[in-house]
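Enquirer: One structure, as structure tokens, below. Some questions next.
Numbering (UniProt numbering), first residue to last: 1 to 483.
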């Protein structure tokens, strides 16, 4: 069988991965792994949290002399997460006329259906893939009724991961993604330019230039008001925000007698919100005073309630908070050597280890039903990538680079009334509930089984600021071209 012209390849672009067709620059989907707030596992359903920056993405093949032997077989990429840190995935389709189907697995357990990994496209009782650009994000495993349970990084072999609970053991770890292109002939029929009906001869129609549905973060202009098959029916979020993709923070923060540029250097700030990566042992009583404070700190303590997320190549720009609630940040250490030691990777007692993805708190997120059907996709176009997840110590051992500190708590974030996000699409179906994944216990539930109480702060967060974004979709809509 000959290779299709739209066969996909995969590459790393900075801190992103791209599935792309070498023969068509518009046939490209960019995937980013975002740092974020860990939402409480308190029985409530939360809106979408913001991005706190991108995780660094590294190619396994660039570190073959330092990675585990089994990685040399799987290849792929690796990213660093702290134990109990949350993550979400962003899917940015370059063109709305080049949709893609993505299967996402955690430890080779499908994140939507709970079934074991396979690379087929067929109708199933629970749809096991997402369709882009309809599905811009995925924050966790499918829990049905338009909700997910948040992705949380946990060590392998302790019974927390989705893989461990579904299969009985942790053999794989990490995450896996496979991407499919449509059958090219079916795609062309689906997105064929609509010729206007006229009663007189006309000049040949200009070539249609497809529009970008979602504006990449590097672009400053807003998305187009309409795109083929989609209508933006609500105003854009306030200036400085993108849906589920930007966290605000102060542009200029008054630190006592001097002003400090908040985003100038991650080395200039100290953080109290990072949880230890050491193995959790049952404490005498739950204690979170140094991890996830539920109230904003007083100005006298100058607690570092906010931080500017940075990666190895970029910094996330954050917006100025209300003047009556300007957060305070603790001054840096007195000496450069102390500061460098404080922010360098993790304590020496932490063991380098691979991580898997477990289940956390519940949030509202549509997983949209495929409007085209499984037969629309061409399995011969597929490309796949293995995402190894490592803790900060292992990342430092392999790359020689340290990992940015963990994000602030959801409680602190909301105490400053910063926005959460609600994004939904009308005129689409939502995939069903997975009976397999319904039986997966959360990190909190397993904590309580092991230690009698949770090892993390799951205090309820009060949210008063939700930015809502609504779209409509009609696969039979008629595009207005140039005429």
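Positions of the beta carbon are idealized from the N, C-alpha and C atoms, including for glycine.
Does the beta-carbon distance from residue 357 to residue 131 come in below 7 Å?
Expert: No, Cβ-Cβ distance for residue 357 and residue 131 is not below 7 Å.
Enquirer: So, helix, strand or coil for residue 119, using DSSP?
Expert: coil
Enquirer: Between 6, 432 and 34, which lies nearest to residue 98 when the distance is taken from Cα to Cα?
Expert: 6
Enquirer: If you draw a straight line from the alpha carbon of residue 113 to that of residue 404, how long is it in whole angstroms?
Expert: 33 Å
Enquirer: Would DSSP call residue 167 helix, strand or coil?
Expert: helix
Enquirer: Pull up the CB-CB distance for residue 470 and residue 424, whole angstroms please, since I reckon it's below 8 Å.
Expert: 6 Å
Enquirer: Measuring CB to CB, does residue 174 end up less than 7 Å from residue 387?
Expert: With respect to residue 387, residue 174 sits close: the two C-beta atoms are nearer than 7 Å.
Enquirer: Let me know if residue 137 comes out buried or exposed under the rule of 16 or more other beta-carbons within 10 Å of its beta-carbon.
Expert: buried
Enquirer: Note down, in chain order, each residue of its chain lying with its Cβ closer than 8 Å to the Cβ of residue 491, except the 5 sequence neighbours on either side.
Expert: Outside the displayed range of the chain (1 to 483) lies residue 491, so it cannot be described from this structure.
Enquirer: Count the other C-beta atoms from every protein chain shown that fall within 10 angstroms of the C-beta of residue 40, then say buried if there are 16 or more, exposed otherwise.
Expert: With 16 or more other CB atoms across the displayed protein chains lying within 10 angstroms of its CB, residue 40 is buried.
Enquirer: Can you list, in chain order, the residues of its chain whose CB lies under 8 Å from that of residue 488, leaving out five sequence neighbours each side?
Expert: Because the chain here runs from 1 to 483, residue 488 falls outside it and cannot be looked at.
Enquirer: What does the Cβ neighbour count give for residue 452, buried or exposed, with the cut at 16 atoms within 10 Å?
Expert: With fewer than 16 other Cβ atoms within 10 Å, it is exposed.
Enquirer: On the three-state DSSP scale, how would you describe residue 467?
Expert: strand
Enquirer: Roughly how many whole angstroms lie between the Cα atoms of residue 66 and residue 16?
Expert: Taking the straight line from one Cα to the other gives about 22 Å.
Enquirer: In chain order, what residues of the same chain lie with their CB nearer than 6 Å to the CB of residue 117, ignoring the 5 residues before and after it?
Expert: 105 and 108
Enquirer: Report buried or exposed for residue 119, applying the criterion of at least 16 other Cβ atoms within 10 angstroms of its Cβ.
Expert: exposed
Enquirer: How should residue 62 be labelled, buried or exposed, when 16 other C-beta atoms within 10 angstroms of its C-beta is the threshold for buried?
Expert: exposed
Enquirer: Residue 36 and residue 47: beta carbons closer than 7 Å?
Expert: Between residue 36 and residue 47, the C-beta spacing is not below 7 Å.
Enquirer: Name the residue from 101, 148 and 32 whose alpha carbon lies nearest to the alpha carbon of residue 128.
Expert: Taking residue 128 as reference, the option from 101, 148 and 32 with the minimal CA-CA separation is 101.
Enquirer: How would you call residue 437, buried or exposed, if buried means at least 16 neighbouring beta carbons within 10 angstroms?
Expert: Classification of residue 437: buried, given that the 10 Å Cβ count is 16 or more.
Enquirer: Got a sec? Which residues, its chain only, sit under 8 Å from residue 370 by beta carbon, not counting five neighbours each side?
Expert: 101, 127, 129, 131 and 376
Enquirer: Alpha carbon to alpha carbon, what distance is there between residue 9 and residue 383?
Expert: Answer to the nearest angstrom: the Cα atoms are 6 Å apart.
Enquirer: I'd like the span of the beta strand (DSSP E) that includes residue 357, first residue to last.
Expert: 354-364
Enquirer: At the level of alpha carbons, what is the spacing between residue 359 and residue 458?
Expert: 14 Å
Enquirer: Let me know the secondary structure DSSP gives residue 70 once reduced to three states.
Expert: helix
Enquirer: Mind pulling the beta strand (DSSP E) runs of 3 or more residues that sit fully within the segment 24-110?
Expert: The segment 24-110 contains these whole beta strand (DSSP E) runs: 24-35, 77-80, 86-93 and 100-106.
Enquirer: To the nearest angstrom, how far is the alpha carbon of residue 417 from that of residue 3?
Expert: Rounded to the nearest angstrom, the two C-alpha atoms are 53 Å apart.
Enquirer: DSSP on residue 426, reduced to helix/strand/coil?
Expert: strand
Enquirer: Determine the extent of the beta strand (DSSP E) in which residue 20 is found, giving its start and end residues.
Expert: 16-21
Enquirer: Mind checking residue 84: buried by the 16 CB within 10 Å criterion, or exposed?
Expert: buried
Enquirer: The beta strand (DSSP E) with residue 412 in it runs from where to where?
Expert: Where residue 412 is concerned, there is no enclosing beta strand (DSSP E), although the alpha helix (DSSP H) it sits in stretches over 410-415.
Enquirer: Under a CB-based cut-off of 7 Å, is residue 7 close to chain D?
Expert: Of the protein chains in the structure, only one exists, and it is not chain D.
Enquirer: Should residue 21 be labelled buried (16 or more other beta-carbon atoms within 10 Å of its own) or exposed?
Expert: buried
Enquirer: On the premise that residue 33 lies in contact with residue 60, defined as a C-beta separation below 8 Å, what is that separation, rounded to the nearest angstrom?
Expert: About 15 Å separates the two Cβ atoms, so there is no contact after all.
Enquirer: Return the bridge partner residues of residue 13 from the DSSP annotation.
Expert: 16
Enquirer: Specify, as a first and last residue, the run of the alpha helix (DSSP H) that residue 438 falls within.
Expert: For residue 438, the enclosing alpha helix (DSSP H) stretches over residues 435-438.
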